[in-house]
Structure formats: C-alpha cells, structure tokens
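Trainee: Quick note on numbering: the working numbering labels position 146 of the sequence shown as 345, and the sequence is numbered without any gaps. In this text, a Cβ means the ideal position worked out from N, Cα and C, and glycines have one as well. In this text the structure is predicted, and so the values were computed from the model without any measurement.
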Amino acid sequence: MKTTRHATYNLNYHIVWLPKSRRTDGSADIAERSSAQYRKAVLTGEVADRVESILHEIADEKGLDIQNLTVQPDHVHLFVSSPPKHSPSLLANWFKRISSRKYNHRHTDHDGEKIRWARGYYAGTAGHVSSETVENYIDRHKEVQA
C-alpha cells in the first residue's frame with residue numbers, strides 16, 4: 200500500500216507497446232495492426248539496455264514505481280505502480296513519448312537508428328484489496344476523525 204496526502208492506494212498497471220516497423224519492401228508502418236509477421240526485433244543488446252535504463256529514469260522523474268520491466272526484441276512489458284492522479288493513458292504516453300525523445304537525443308548520433316513507437320498500446324490493471332485492508336483503512340480514519 201502506498202499513500203499520498205489524501206489517498207491510500209494500490210494501483211498497478213501492465214502496459215505493453217511495440218516499436219514502429221516497416222516492411223522490408225519499404226511500405227508504410229503496419230505495427231499498429233499487431234501482425235507478428237511484420238514485427239521487427241529492434242530492441243536487442245545495447246538498444247534494449249538503453250531503453251530499459253531510460254524507462255527507469257522516467258519512472259524516477261515522475262515518482263512512479265516500476266514493479267517489473269521486460270524489454271523484448273519486438274515489444275516492451277511494463278508493470279508500474281502509480282498514484283490515482285495518473286491515468287493509464289497518461290502513463291503509456293509518458294513512457295513512450297519521453298523514452299523515444301531521450302533515446303533519439305542521446306544515441307542516434309553514433310547508431311543512426313532511431314526508436315519510434317507504434318501508436319497503440321495495451322493497458323491493464325492488476326491488484327487486489329482484501330477485506331482486512333479495507334477494515335484497516337476504515338479503522339485508521341475513524342481514529343483520525345475522533
């Protein structure tokens with residue numbers, strides 16, 4: 200459980216996104232169609248390490264807690280805890296937009312390859328609240344009110 204000034208929360212989000220890719224014949228990006236045959240394994244080796252490091256930087260800057268992070272060759276799995284003031288769409292957009300900008304600013308001079316993310320993403324919630332947790336919350340607030 201985590202707290203802010205006005206909330207006690209346990210909000211965890213599973214967010215998955217893909218790098219943008221092009222078909223080998225040069226036609227337009229089709230990663231949004233989620234067709235595995237066109238996914239390009241660009242997140243490997245040093246690139247994957249750099250992306251992972253940048254995602255941790257973003258979490259630290261935004262006050263988020265990464266529970267788990269896996270950078271696969273053709274997608275990213277992020278399990279992150281966030282205060283209730285941040286929507287899942289905001290989190291996904293922060294991680295995608297800021298990581299792309301930071302990576303491209305820092306690393307394209309020598310590598311030449313830019314990281315761009317496909318438009319879409321998956322976001323799901325995870326977590327549970329036991330009856331004991333709810334009771335503790337109520338009891339704590341009863342004491343404050345008295």
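#1: Throw me the rounded Cβ distance for the L263 and S280 pair, which I believe falls under 8 Å.
#2: Taking the alpha carbon of N209 as the point to measure from, which residue in T307, P283 and G323 has its own alpha carbon closest?
#3: Rounded to a whole number of angstroms, what is the C-alpha to C-alpha distance between K201 and R305?
#4: Specify, as a first and last residue, the run of the beta strand (DSSP E) that H285 falls within.
#5: Since I265 and S298 are thought to touch, with beta carbons under 8 Å apart, how far apart are those beta carbons, to the nearest angstrom?
#6: Here's the rule I'm using: 16 or more other beta-carbon atoms within 10 Å means buried, otherwise exposed. How should L242 be labelled?
#7: Ignore the nearest five residues each way along the sequence and tell me which others in A291's own chain have a CB closer than 8 Å to its CB.
#8: Among A206, R204 and Y212, whose alpha-carbon lies nearest the alpha-carbon of S286?
#9: Can you name the residues that DSSP bridges to T203?
#10: Let me see if you follow: with CB-CB separation under 8 Å, is T207 close to chain C or not?
#11: Would you report the Cα separation of R249 and T307, rounded to the nearest angstrom?
#12: Pull up the distance between the alpha-carbon of A317 and that of K219, whole angstroms please.
Mentor: For this structure:
#1: The residue given as residue 263 occupies position 64 in the sequence shown. The residue given as residue 280 occupies position 81 in the sequence shown. Yes, they are in contact, since the Cβ atoms of L263 and S280 sit about 7 Å apart, within 8 Å.
#2: To locate residue 209, count along the sequence shown from 1; it is residue 10. For N209, the nearest C-alpha among the options comes from P283.
#3: In the sequence shown, residue 201 corresponds to position 2, counting from 1. In the sequence shown, residue 305 corresponds to position 106, counting from 1. Each residue's alpha carbon lies about 34 Å from the other.
#4: Here residue 285 refers to the residue found at position 86 when the sequence shown is read from its first residue. No beta strand (DSSP E) holds H285; DSSP gives it neither H nor E.
#5: As a working mapping, residue 265 is identified with position 66 in the sequence shown. As a working mapping, residue 298 is identified with position 99 in the sequence shown. Between S298 and I265 the Cβ distance is about 12 Å, and since that is not below 8 Å, they are no contact.
#6: The residue labelled residue 242 in the question sits at position 43 within the sequence shown. So L242 ends up on the buried side.
#7: For the purposes of this step, residue 291 is identified with residue 92 of the sequence shown, where counting begins at 1. Excluding sequence neighbours, A291 sits near I214, W216, Y320 and A322.
#8: Within the sequence shown, numbered from 1, the residue matching residue 286 stands at position 87. Here the closest residue by C-alpha is Y212.
#9: As a first step, residue 203 is located in the sequence shown; it is residue number 4 there, counting from the start. T203 is not bridged to any residue.
#10: In the displayed structure, chain C is absent; only one protein chain is listed.
#11: Looking up residue 249 in the sequence shown gives position 50. Looking up residue 307 in the sequence shown gives position 108. Roughly 12 Å separates the two Cα atoms.
#12: As a first step, residue 317 is located in the sequence shown; it is residue number 118 there, counting from the start. As a first step, residue 219 is located in the sequence shown; it is residue number 20 there, counting from the start. Cα to Cα, the separation comes out at about 4 Å.
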